[in-house]
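To start, the structure itself, in structure tokens.
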Ligand SMILES: Nc1ncnc2c1ncn2[C@@H]1O[C@H](COP(=O)(O)OP(=O)(O)O)[C@@H](O)[C@H]1O
Ligand SMILES: [Mg+2]
């Protein structure tokens, strides 16, 4: 399962395989809607290394949030295997999973999800409550974390006394106050204007670089995604190999011949041939070439998805 | 999560929604107050009756026709003064035997009148029962022997008929027949809303003439000593049964009367407490309902707490504590309200209300248990919420 991008990051990971924050193999998540079932994820495999910075892009409804929920242990896969911080979530009960989230994961949501009527410092301290840390120490830790996100002067402000950007900074401080291994940010700038959004992104990237927390960022913005060390493109519940991704002007044919690569073409070929797949307006561009600096990584993800893509979009659309 | 922390969170949540918390507590407050007040009234009534019966005097034996039992119908008396003579022989001391024949009559003095209880009695009444005079003298043996038309008035009757004037020596008309007032009783006051000073005593012989009867309604005996009291009762009942083979007689002591009254009032108190308990239950259902609403309203908060590491147990405990806090707080306020209401009732009305510790402890305990029982379902529901769905809730 070794992967080239999985170099041990500074700090490493508590427990589990060193340097790996989350390891997912063939993850599936199907929702049962009284009779009919909706497959939100259909076989996603990926590894998030400690200290990694991964951008997840894809159209609305492609399963990005579902994937984030799974990676954060907020939800359980209906198929496949998932290890968070080296622990197989299938072996954990709801309480153990909650404790694992508390110790390992930080969430940042598009809509902030701060407790109203609760001060910034108490909002940030909330995860520490469930660690059994006493009130005074909690406040000290939360205040220090708020200082790191530039809100040291806003400790006792309520969410409704803060701007959107400030609220998201509070949420980031809350996500990081527990010193997690993995920070999952699902469209964190979706509710912010572009300037504020940019500064929030900058903060996330700074924290990723300085504290060694792995960052998985869901975004619509291709430019933003391009700043990540790695991109994961999703469509219809699967990870799309870059060659298949119409919006990425980068294909890595050189890597296709690599020893670890299973060519995704067999699954992609019929889709191009059909030419009617609305998700592939530039289906014919699949032949375009151009390496990215991360070419070694993207196919690796493609390799894992290879098996499922055949059963995924190919048969499902 | 530490338990102290959980209490703080629960308290915060309640104070964040003060009005709703108060309204929810109201059901519990009223329920607990009702238990406290109704039990207080029942207990107060029982206590007062006990005091009254004990106030009749010690070693008292009361002989009546029929059976003294919970629910027994009153019997028509066939007792006469001849039977009283027989009882006198058994007791051995006529001074220890009192009788009564009772009737409701209108008593007039000039233009004023009062409808009151007129009792035909022997001159022995003050020795057998504890009964003090305020003015004048009680009836004498010669009054009884000669059927003299003399009367002793209860304090209320005296005031109604004569106001501030001196009644002793005045004339009254009882059922149209003139009697002379020879004495006025010292006031006894009210008990259970009944005015114990609303009565007139006349010689039993005069009463028989007045009512046109020879009937005696009951005989009371002050036993010489406590040990022999039931044996004495048995002998009297045996003699009376021999004289009236077709009638049943009962001889009861104060203890027995207290026992029967205690049973009646105990059942009454129990029924009242049960009714109040139902209202407490209704209050509990209200708590349950509000907790369910609260869980739904705070679904996003629950989702967020879970996302940052709250276990199902942490969430469930938080909501359970909220429910318990609501009912316990409501219980304390209800106890305060109940004690206050009981005090007001006994101060402003003839109904005595005695707050008992057990009713306070019981209602407090019940309200806490109600909180737990009715809080469990909403708390479990909160604990089991799927965090992803909860975070999406609006
Ligand atoms: N609770 C749910 N019940 C049913 N379908 C769901 C549920 N959550 C998500 N889905 C479906 O799963 C798919 C992926 O959703 P999501 O992960 O939110 O996509 P994205 O975040 O990429 O927009 C969508 O088709 C969505 O309708
Ligand atoms: Mg989404």
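Chains as they are written, first to last, in full-length UniProt numbering: chain A, 1 to 317; chain B, 1 to 394. For glycine and all other residues, C-beta sits at the position ideal for the given N, C-alpha and C. Since this is a predicted model, take the numbers as computed values, not measurements.
Sorting B:178, B:169, B:136 and B:127 by C-alpha distance to the C-alpha of residue 223 (chain B) places B:127 at the top. At a beta-carbon threshold of 7 Å, the residues of chain A lying near residue 301 (chain B) are 115, ordered along the chain. Put simply, the backbone Cα of residue 124 (chain B) is about 54 Å away from that of residue 333 (chain B). Per the coordinates, the alpha-carbon of residue 16 (chain B) lies some 12 Å from the alpha-carbon of residue 294 (chain B).
Residue 231 (chain A) has A:55 as its beta-bridge partners, per DSSP. A straight-line Cα-Cα distance of about 31 Å links residue 157 (chain B) and residue 83 (chain B). Pairwise C-beta distances place the region 107-118 of chain A in contact with the region 162-178 of chain A, as three or more of them are shorter than 8 Å. Counting only the Cα atoms, residue 132 (chain A) lies some 11 Å from residue 125 (chain A).
Positions of the beta strand (DSSP E) runs, each at least 3 residues long and wholly inside the region 230-295 of chain B, are given as 249-253 in order along the chain. Close to chain A, meaning a Cβ-Cβ distance shorter than 9 Å, are the following residues of the region 283-313 of chain B: 300, 301, 303, 304, 305, 306, 307, 308, 309, 310, 311, 312 and 313. DSSP places residue 81 (chain A) in the uninterrupted beta strand (DSSP E) bounded by 79-84. When B:356, B:273, B:381 and B:359 are compared, the shortest CA-CA separation from residue 291 (chain B) is found for B:381. Distance between residue 147 (chain B) and residue 171 (chain B), taken at the CA atoms: about 16 Å.
For residue 175 (chain B), the closest alpha carbon among the candidates B:218, B:312, B:117 and B:344 is that of B:117. With contacts defined as CB atoms closer than 9 Å, residue 187 (chain A) and residue 220 (chain A) qualify as a contacting pair.
One residue after another in chain order, those with a Cβ under 5 Å from a heavy atom of ligand 1 are A:31, A:38, A:40, A:60, A:61, A:62, A:63, A:64, A:65 and A:66. For residue 105 (chain B), the pairing in a beta bridge is given by DSSP as B:116. For residue 218 (chain A), the Cβ falls inside the 8 Å cut-off from some heavy atom of ligand 2. Residue 221 (chain A) has its CB no nearer than 8 Å to any heavy atom of ligand 2. Note on geometry: alpha-carbon atoms of residue 38 (chain A) and residue 63 (chain A) lie some 11 Å from one another. Rounded to whole angstroms, residue 170 (chain A) and residue 108 (chain A) show a C-alpha spacing of 10 Å. Residue environment analysis places residue 234 (chain B) among the exposed positions, since fewer than 16 neighbouring C-beta atoms fall within 10 angstroms of its C-beta. Within the region 168-221 of chain A, the runs of alpha helix (DSSP H) at least 4 residues long that lie entirely inside it are, in chain order, 194-211.
Using a cutoff of 8 Å, the CB of residue 75 (chain A) does not count as near ligand 2, since none of the ligand's heavy atoms is closer than that. Under the 8 Å Cβ criterion, the region 336-344 of chain B does not count as touching the region 382-391 of chain B, having fewer than three qualifying pairs. Taking C-beta separations shorter than 8 Å and ignoring five residues to either side along the sequence, the partners of residue 60 (chain B) in its chain run 128, 129, 220, 221, 222, 223, 253 and 254, following chain order. Residues of the region 9-42 of chain B with a C-beta less than 9 Å from any C-beta of chain A: 9, 12 and 16, listed in chain order. For residue 306 (chain B), the secondary structure class from DSSP, reduced to helix, strand or coil, is helix.
In summary, the residues of the region 90-107 of chain A whose CB is separated from some CB of chain B by less than 7 Å are 94, 95, 98, 99, 101, 102 and 107, in the order they occur in the chain. Rounded to whole angstroms, residue 273 (chain B) and residue 45 (chain B) show a C-alpha spacing of 14 Å.
Under the three-pair Cβ rule at 8 Å, the region 24-32 of chain B does not count as touching the region 253-272 of chain B. Annotation for residue 141 (chain B): 123 place their beta carbon closer than 6 Å to its own, counting only its chain and skipping 5 residues before and after. Here the distance from the Cβ of residue 5 (chain B) to the nearest heavy atom of ligand 2 is not below 8 Å.
By the Cβ-count criterion, residue 43 (chain B) is buried, with 16 or more other Cβ atoms from all chains shown falling within 10 Å of its own Cβ.
In the structure shown, residue 99 (chain A) falls within a helical segment according to DSSP collapsed to helix, strand and coil. Around residue 226 (chain B), the same chain offers 59 as residues with beta carbons nearer than 7 Å, after the five sequence neighbours per side are excluded.
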